[in-house]
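A.B. asks:
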Ligand code: PPE
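Residue numbers (the working numbering): 49 to 353.
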């Protein structure tokens with residue numbers, strides 16, 4: 049999905065012009081994937097742009113960095129303020145936001161401990177990640193031949209830059225095979241998640257989502273689903289999901305900041321069907337919550353102004 053340039057990018061404490069936000073070709077992270085990032089969205093609300101659950105995203109960035117022993121020289125509060133500055137400078141009412149902490153120029157080799165840490169935050173307009181049609185009628189999924197990394201090889205709890213080679217392999221395989229998105233299994237054969245989204249199945253009226261021990265990221269949208277489901281009185285559990293559970297699900301949907309809430313229409317050509325009532329209810333409530341239209345979730349809208 050193409051990027052449309054905006055005004056400014058925050059780099060190490062300064063707002064620099066979009067075209068000047070450059071780094072050296074010998075930047076450590078470019079060579080070894082040694083960095084951590086986030087994906088955040090800002091939405092138009094009645095009281096101006098608001099970044100959705102910005103603080104939890106920056107807290108997760110810090111947790112990812114801790115796992116990789118990257119010492120981000122900015123606090124969560126400073127990164128929250130910097131993000132609001134970038135969004136304000138863009139003049140956009142809604143956008144996608146990409147914070148990244150990376151190891152800079154000056155050191156090479158696999159000992160990352162002496163490396164300098166740089167931090168940047170950019171934003172740009174981004175539409176429906178899996179397409180407007182996918183949002184409305186559901187996406188076609190394929191179980192990937194690629195496995196999620198073992199937690200002792202690449203900890204899935206860290207949103208590490210290099211980790212996403214695994215997701216890209218699965219994504220291009222799914223696209224080349226004529227599907228919208230991939231589902232990735234853990235090395236033990238349990239359903240993990242999608243390339244950039246958490247996955248949920250609805251069976252017998254209960255929402256089930258795989259645990260972190262199956263390689264799922266602790267999603268912030270996933271956490272919204274947990275809270276919305278509780279408020280709707282829908283049972284919600286974290287537990288192992290088998291590929292056959294997907295084939296026979298009453299409903300399935302996926303969630304992520306970029307993707308939002310997207311119904312699943314089929315898995316490996318086994319039809320799940322039109323978006324079901326639980327998927328539709330969660331999608332609708334999430335869509336209103338991000339736009340500040342629901343009083344009970346207003347603390348999720350972190351206003352820019
Ligand atoms: N799993 C993975 C692997 C993942 O990358 C994401 C977010 C999620 C689950 C959902 O997490 P959350 O956004 O907190 O609900 N993926 C981000 C990057 C996507 C991309 O393609 O780049 C995102 O959605 O912004």
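Glycine residues also receive a C-beta, built at the ideal position from the N, C-alpha and C atoms. What you are looking at is a predicted structure, and each value in this text was computed from that prediction instead of being measured.
(1) Between the region 166–174 and the region 286–305, can you find at least three pairs of beta-carbon atoms closer than 8 Å?
(2) Kindly provide the ranges of any alpha helix (DSSP H) runs that are 4 or more residues long and lie completely inside the region 256–339, ordered along the chain.
(3) Under the criterion of a Cβ to heavy atom distance below 7 Å, does residue 244 qualify as lining ligand 1?
(4) Confirm, please, whether the CB-CB distance from residue 256 to residue 296 is below 8 Å.
(5) Give a single yes or no on whether residue 241 has its beta carbon closer than 7 Å to a heavy atom of ligand 1.
(6) In whole angstroms, what is the alpha-carbon distance linking residue 336 and residue 294?
(7) Give me whichever residues DSSP pairs with residue 96 in a beta bridge.
(8) Can you round the beta-carbon distance between residue 323 and residue 311 to whole angstroms, since I take them to be within the 8 Å contact cut?
(9) Any idea what DSSP makes of residue 215, helix, strand or coil?
(10) Using 8 Å as the threshold, is the region 103–112 in touch with the region 135–142, meaning 3 or more CB pairs across them?
(11) Closer than 7 Å: is that where the CB of residue 335 sits relative to any heavy atom of ligand 1?
(12) Among 261, 55, 190, 150, which residue has its Cα nearest to the Cα of residue 119?
(13) Considering just the uninterrupted stretch of the beta strand (DSSP E) at residue 190, what are its terminal residues?
(14) Cβ-heavy atom distance between residue 285 and ligand 1 below 7 Å?
(15) So, with DSSP's three-state summary, where would you put residue 144?
(16) Going by beta-carbon coordinates alone, are residue 50 and residue 340 separated by less than 8 Å?
(17) Spell out whether any CB of chain B is found under 8 Å from the CB atom of residue 344.
(18) Spatial neighbours of residue 210 within its chain, please: C-beta separation below 6 Å, excluding the five flanking residues on both sides.
(19) Which class does residue 62 belong to by DSSP, given the choice of helix, strand or coil?
C.D. replies: Working from what's here:
(1) no
(2) As summarised for the region 256–339, the continuous alpha helix (DSSP H) elements at least 4 residues long and confined to that stretch are 268–280, 291–295, 325–338, given in chain order.
(3) yes
(4) no
(5) yes
(6) The C-alpha of residue 294 is placed about 28 Å away from the C-alpha of residue 336.
(7) Bridge pairing for residue 96: 93 [DSSP].
(8) 4 Å
(9) helix
(10) no
(11) no
(12) Selected option, being the one with the closest Cα: 150.
(13) 187–195
(14) no
(15) strand
(16) no
(17) The structure shown contains no chain B; it is built from a single protein chain.
(18) The beta carbon of residue 210 sits closer than 6 Å to the beta carbons of 81 from its chain, once the five residues preceding and following it are set aside; these are given in chain order.
(19) strand
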